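The next block holds one structure in the form of structure tokens; read it before the comments.
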Amino acid sequence: VTGPLSGLRVVDLAGPSAAYATKLLADLGAEVIMVEPPGGSSLRTLPPFEGDTSLWFAYFGANKRSVELQLADDAQHERFKRLVATADVVVETNRHGTLERLALGYDDLRAGHPDLIWVSVTPFGRTGPHRDWHGSDLVAWAMSGCLHTTGFPASPPVIPGGPALLACHLASLNAAAGALLALRSRRRTGRGQMVEISIQESCLAVSPEVGAVVFLDDLRPRMRAGNRRSAIRPWGLYPARDGWVGLVALQPSHWSALATWIVEVTGNEAAGDPAFDDVLTRIGASEAVDIWTEELTTRFDKAHLFVEGQRRGIPVTPVNTAADLSTDPHLEAVGYWETVDDPTLGKIRVPGAPYRFSRSGWSTAPAPLLGADTETVLSDLPPLP
Amino acid sequence: MAAGAGDGRSGNGDDGDERPLAGIRVFELSIAIAGPTCGRYLAHFGADVIKVESRRNPDPVRVIGSSWVPLDDPSIGEARPDTSPMINEFSAGKRSIGVDLKSEGGREAARRLLATCDVFLTNYSGPAVKELGLDYEGARAIRPDIVYLAMHAFGAIEGSPYYDYVAWGPNQAPLTGLDDLTGYPDEPPAAIAAFGYPDYSSGIYGVIAATAALEWRDRTGDGQLVDLSQFEATVSLLGPFLVDHERTNATPARMGNRLPWTAPEGVYPCRGDDRWVAISADSEDAWCALAHVAGHPEWETDARFAGVSARVANHDALDEAIASWTRAHTHDEVATWLQAAGVAAGPVMDPPAILADVHVADRGFWLVGEHARLGPDLVTGNPVCLHATPGWIDRAGPSLGQDNAEVLGSVCGYSDDEQAALVEAGAVFPLASPDLQLRRPYRAWAPAALPHLPWGSP
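Residue numbers (our numbering), protein chains in the order written: chain E, 1 to 385; chain Y, 1 to 458.
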């Protein structure tokens, strides 16, 4: 089945903050052409590796084509312009001014190509006093309010998701959404446009629960509170016999089911007192509620707490690792995993579709070798008008 | 400075709506954060998003209301949930109708509304929408070309192992391994406890899925079921680690703020109480620049720090050296000096610092929308800037049932008498205390103290 974006050509100059965006577009059917500098994209240098192959690259580069081009070289500069002239979308993560200095910025390339969609992802956006500031995943989280509130009170603030580059992923999701929205505008107006994503703003946009606007309303300082949320109880991680589980008793029915379970297992009748059905009462007695909950959770393995808790209608989930996910029965049963034949790694099992379309297609493919498509893609590009 | 034309932020509804989703109507049956976040993006970019809500089983982000609204003031009563700043954050730009979908009258109203909609968006569980007759089969019987976006926690495949399970965003972070990766190696997992990362990422995945399905509908005329399992969507963010485990049996461990491929990378203590600066010196040039800015050019020739592998291996010593410098300065000083030298750095900002920040405000990130009870209200912005057809909102989060008359009348075709009968029968929940007007306490001081934020007319 063809994907909803079949026929769309995307030129990809993305680093880690947008490489996932172009993978998403590729898997929806777009033809994504990575333009890599001689020697290869910096994505190919990100560990973990197997042999010489970056596994970040194996995932981010999936389903894309690779063209090796030296943009600063005059002849290749011209070929790049010809390539962009055939494209619907350009996705790039260069610092403001970098492509402009090569006369390959948006303003240079949209001349004669008014329907071009240009997606720019930068640490702080293309305007404002910090537009030339350097960024990273960590710096974006730092300047969003989310880092300040993540971690234990006695330790320094700590990045959400560790090395998983979650700020970059947010920027990528926004970049893909922005490209699709601009495509829809183009269908209506016939014109392309600049789509601008700031990684800092991508993090700010996920900050409402710890964020500035709600703070203005309640003026409660936001502090690090470890692996539980102070606003509600029980909420957060609780110790199991062999690890941890996440427990979020947000609705009244969740607490009553949990209280019943606690009473059954521990004989602690106090937990069954209907006074604790009121969330404000539980918050007031946070310490006791936590102890009662731990008296239950520490008796069982996380897998048992997951299955039995869910059977009782309680939102409880195990704290998993990659090892747990690789054998997760649900992912297995729904056919989540895909296998692709990587040119250097051979057959590898990779995460499948983040969404399942009942009619339009989704499919993935391995990441390309450096320059694998240079000749096929560049050989017969029409000359510029 | 106000946002100017062509910056991807400005726009207004006066002269023809040019936004990409203008003309698209969305039936939103969502609570909490993931589904509403998707709907909020769609509304920002022009869709008419109608949040269908119950007063008996309200959206939990409404329930607590605003902390300054007294719990027991009878004059406020059922209007309290309308004041929640969270309803602004997750539903700005939407319309709200109060409908009891468990009543026959409410179901008929939902059917009439659905017949006019392009997209059905839900993050209710699969069994819950089925019970309401609003699963995909039910919905497409009413609107055959509906784009049905099912954002269930565990997908729409009946009979799959977790199909009946319940999970909020803060349950997905542990389940998908994100919590285990968050924290320091010698401590328990710190978890992403303060906010629900997977809620937001799933919401944006929803925007991608909905717009891709609309593209498909434009090309073929066909609607479809889009099964967006929040679990699977979140797992997809961990690709490299899962491939690594598959190939080498490696399981990534939490490593604080460090990364395996660069050093220094971390937060460092600064002058003041709980003040930190984040530093990512991700190249040799950046590392040398840092050494010079810190007044320690000798670090450059220190064998422990010579080359990125040495710095990664000696990260503890590196952190100690850098902290001995940062401690004497404020986080803003350190960040500004490093940035001037080309090193990625930034203060670890708390909400007051973010509100005071001129860069974010100058970019027009913050929004203001009209709230039915509170007047102009400040709302967190949207990170997607379309320069030619920017998104915008004209209203903040709707009060429950604020748009009953318009939607039930003009869209669903009920006469005034029929609407009154629906209310009488308990099938429609009317707006509580329609004349109640309140004022956020900060409106008295914040516009003067934070003049760079958009405040609207008082």
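Quick reminder that beta carbons are idealized off the backbone N, C-alpha and C, glycines included. Here the structure is a predicted model, which is why all the values come from computation and not from measurement.
Taking a cut-off of 8 angstroms for Cβ pairs, the segment 397-405 of chain Y and the segment 90-103 of chain Y touch, as three or more such pairs fall below it. The three-state secondary structure of tryptophan 141 of chain E, taken from DSSP, is helix.
In this structure the segment 232-252 of chain Y lies against the segment 54-61 of chain E, because at least three pairs of beta carbons, one per stretch, are closer than 8 angstroms. Per DSSP, reduced to three states, the secondary structure at serine 253 of chain E is helical. Within the same chain, Cβ atoms closer than 7 angstroms to the Cβ of glycine 178 of chain E are found at Val119, Val195, Ile197, the five residues on either side in sequence being excluded. In the three-state reduction of the DSSP assignment, tryptophan 68 of chain Y falls in the coil class. Closest in alpha carbon position to tryptophan 235 of chain E, among Y:Gln224, Y:Leu214, Y:Gly196, Y:Val235, is Y:Gly196. Within the segment 100-158 of chain E, the complete alpha helix (DSSP H) segments at least 4 residues long are 106-110, 137-142, listed from N- to C-terminus. Listed in chain order, the non-local C-beta contacts of aspartate 319 of chain Y below 8 angstroms within the same chain comprise Pro264, Gly266, Tyr268, local neighbours out to five positions each way being set aside.
Restricted to the segment 83-149 of chain Y, the beta strand (DSSP E) segments that are unbroken, complete and at least 3 residues in length are 95-98, 119-122, listed in chain order.
Restricting attention to alpha helix (DSSP H) runs no shorter than 4 residues, the segment 214-282 of chain Y encloses them at 230-235, 239-248, ordered along the chain. With a minimum length of 3 residues, the unbroken runs of beta strand (DSSP E) contained wholly in the segment 376-422 of chain Y fall at 384-386. In the displayed model, leucine 165 of chain E falls within coil according to three-state DSSP, outside both helix and strand.
Taken in chain order, the complete beta strand (DSSP E) segments of 3 or more residues contained in the segment 192-243 of chain E are 194-198, 235-240. Taking 7 angstroms as the CB threshold, serine 54 of chain Y stays off the interface with chain E. Straight through space, the alpha carbons of alanine 79 of chain Y and leucine 436 of chain Y are spaced by roughly 8 angstroms. Proline 16 of chain E sits away from leucine 170 of chain E, with the two beta carbons spaced by 7 angstroms or more.
For the segment 306-335 of chain E, the set of positions with a beta-carbon nearer than 8 angstroms to some beta-carbon of chain Y reads Gln310, Gly313, Ile314, Pro315, Val316, Thr317, Pro318, Val319, Asn320, Thr321, Ala322, Ala323, Asp324, Leu325, Ser326, Pro329, His330, Leu331, Ala333, Val334 in chain order. Taking 7 angstroms as the cut-off between beta carbons, the residues of the segment 122-139 of chain E near chain Y are Phe124, Gly125, Thr127, Gly128, Pro129, His130, Trp133, His134, Gly135, Ser136, Leu138, Val139, in sequence order.
Of the candidates Y:Ala340, Y:Ser91, Y:Leu175, Y:Trp299, the residue whose Cα lies closest to the Cα of isoleucine 322 of chain Y is Y:Trp299. The three-state secondary structure of alanine 345 of chain Y, taken from DSSP, is strand. Within the DSSP secondary-structure output, glutamate 36 of chain E pairs in a beta bridge with E:Glu68. Three or more Cβ pairs drawn from the segment 295-314 of chain E and the segment 254-274 of chain E lie within less than 8 angstroms of each other, which places the two stretches in contact.
If you check each beta-carbon in the segment 144-170 of chain E against every beta-carbon of chain Y, the ones closer than 8 angstroms belong to Ser144, Gly145, Cys146, Leu147, His148, Thr149, Thr150, Gly151, Phe152, Ser155, Pro156, Pro157, Val158, Ile159, Pro160, Gly161, Gly162, Pro163, Ala164, Leu166, His169, Leu170. For arginine 395 of chain Y, not one C-beta of chain E is nearer than 7 angstroms to its own C-beta. In the three-state DSSP reduction, threonine 344 of chain E falls in the coil class, being neither helix nor strand. In the DSSP assignment, phenylalanine 27 of chain Y falls within the beta strand (DSSP E) that extends over 25-29. In this chain, the beta strand (DSSP E) harbouring isoleucine 50 of chain Y covers 48-53. Distance from the Cα of glycine 39 of chain E is smallest, within the candidate group E:Glu68, E:Leu46, E:Asn63, E:Gly51, for E:Glu68. Counted as a single uninterrupted DSSP element, the alpha helix (DSSP H) harbouring aspartate 316 of chain Y occupies residues 315-326. In the structure shown, phenylalanine 300 of chain E adopts coil according to DSSP, grouped into three states. The shortest CA-to-CA distance from glycine 46 of chain Y to any of Y:Val52, Y:Pro36, Y:Arg25, Y:Leu132 is the one to Y:Arg25. Under the three-state reduction of DSSP output, threonine 339 of chain E falls in the strand class. Taking each of Y:Ala340, Y:Thr83, Y:Pro170 in turn and checking the Cα distance to tryptophan 68 of chain Y, the smallest one comes out for Y:Thr83. For threonine 22 of chain E, the enclosing alpha helix (DSSP H) covers residues 19-27. Looking at the DSSP output, valine 428 of chain Y sits in a beta bridge with Y:Val99.
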